[in-house]
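For reference, the structure is listed below as structure tokens.
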Amino acid sequence: MATTRILEWLGRLYIWLLLAFLYLPIIIMALMSFNVSPFYQLPLEWTTEWYASLWQNDQLISATWNSIKIAIITTIICTVLGSAASLALFRYEFRGKKVLQALLFPPIAIPWLITGTAMLIFFFGVGIGRGLFAILLGHVALALPYVIVVVSARLQTFAPELEEAARSLGANQWQVTSRVTLPWIMPGVIAGGLFAFAVSFDQFVVSYFLSTPGQTTLPVEIYAAIRKGFTPEINAVSTIIIVVSMTLMLLTARFFKFGGEK
Numbered sequence: 638m639a640t641t642r643i644l645e646w647l648g649r650l651y652i653w654l655l656l657a658f659l660y661l662p663i664i665i666m667a668l669m670s671f672n673v674s675p676f677y678q679l680p681l682e683w684t685t686e687w688y689a690s691l692w693q694n695d696q697l698i699s700a701t702w703n704s705i706k707i708a709i710i711t712t713i714i715c716t717v718l719g720s721a722a723s724l725a726l727f728r729y730e731f732r733g734k735k736v737l738q739a740l741l742f743p744p745i746a747i748p749w750l751i752t753g754t755a756m757l758i759f760f761f762g763v764g765i766g767r768g769l770f771a772i773l774l775g776h777v778a779l780a781l782p783y784v785i786v787v788v789s790a791r792l793q794t795f796a797p798e799l800e801e802a803a804r805s806l807g808a809n810q811w812q813v814t815s816r817v818t819l820p821w822i823m824p825g826v827i828a829g830g831l832f833a834f835a836v837s838f839d840q841f842v843v844s845y846f847l848s849t850p851g852q853t854t855l856p857v858e859i860y861a862a863i864r865k866g867f868t869p870e871i872n873a874v875s876t877i878i879i880v881v882s883m884t885l886m887l888l889t890a891r892f893f894k895f896g897g898e899k
């Protein structure tokens, strides 16, 4: 009995230590964004000066909007193409299907440094070069396998008999997909879209290789700013992004069912 209690206490301690390791740096960063000292001097003196300075930093704001626009476009493209590809792999048998499914995993497993170098060489070879369009193509190539894998995993729990029953009742292919299949896989589609957005918005390596001066994303701009000299404005924009991201995640978890009740 005593041993069970000790193990339970150690388990809870481990979880709390893990959560502290993950969230304590984020909390400290958020607090420092309200500190009047740019050198993290303590005790903490509250101010919103760095948030006001943030809106005057044109480079940081421009990079943030670039990241948001690229991430949204990447999410839309990858969600549509990834869901369609998952349905095709689920419904049809064709030559090379197993090979095609196996090829989905190397882009996830290959280090992004190698992927970024390969994309840079390829884009210059075909005449695309560098810039925001090249970054968008790179992000789509990176995020698409995540969507296909997530949606395909959701489709493994789908009963094909439901589609057959809908067809026997007179539904055409579009009605079967939109009224039977799509509602069932919607949690996987949403999860895949969130994966795509996160992969695109947080992507640094590929964006660094494919960006040009004046056309960068937020991670690249933050890296450049740190090299020049860290400013609390980076803490401010990071805190805003975290608050917005957590809010979107909570709203998604609240209004959509992911295998359970709301």
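Throughout the sequence shown, residue numbering follows this note's numbering, covering 638 to 899 in sequence.
Don't be surprised by glycine CBs; every beta carbon is placed ideally from N, CA and C.
Contact annotation, residue 850 with residue 669: C-beta distance approximately 29 angstroms; criterion of less than 8 angstroms not satisfied. Where residue 649 is concerned, the enclosing alpha helix (DSSP H) starts and stops at 639 to 669. It is roughly 18 angstroms from the alpha-carbon of residue 780 to the alpha-carbon of residue 760. In the DSSP assignment, the residues bridged to residue 672 are 683.
Contact check for residue 767 against residue 704 fails: the beta carbons are separated by 8 angstroms or more. Using a Cβ distance threshold of 8 angstroms, residue 712 and residue 890 do not count as a contacting pair. Using a Cβ distance threshold of 8 angstroms, residue 749 and residue 817 do not count as a contacting pair.
Our two residues, residue 875 and residue 667, have alpha carbons roughly 8 angstroms apart in a direct line. When only Cα atoms are considered, residue 836 and residue 710 end up about 12 angstroms apart.
Of 856, 658, 886 and 863, the smallest CA-CA separation from residue 702 is found for 856. Here residue 852 is bridged, per DSSP, to 849. Between residue 697 and the set 863, 886, 737 and 717, the nearest pair of CA atoms involves 863. For residue 761, the uninterrupted alpha helix (DSSP H) run begins and ends at 749 to 762, by DSSP. For the pair of segments examined, the stretch 784 to 794 was found not to touch the stretch 670 to 678: the number of CB pairs separated by less than 8 angstroms stays below three. If you draw a straight line from the Cα of residue 731 to the Cα of residue 738, it comes to about 12 angstroms. With fewer than 16 neighbouring CB atoms inside 10 Å of its own CB, residue 641 falls in the exposed class.
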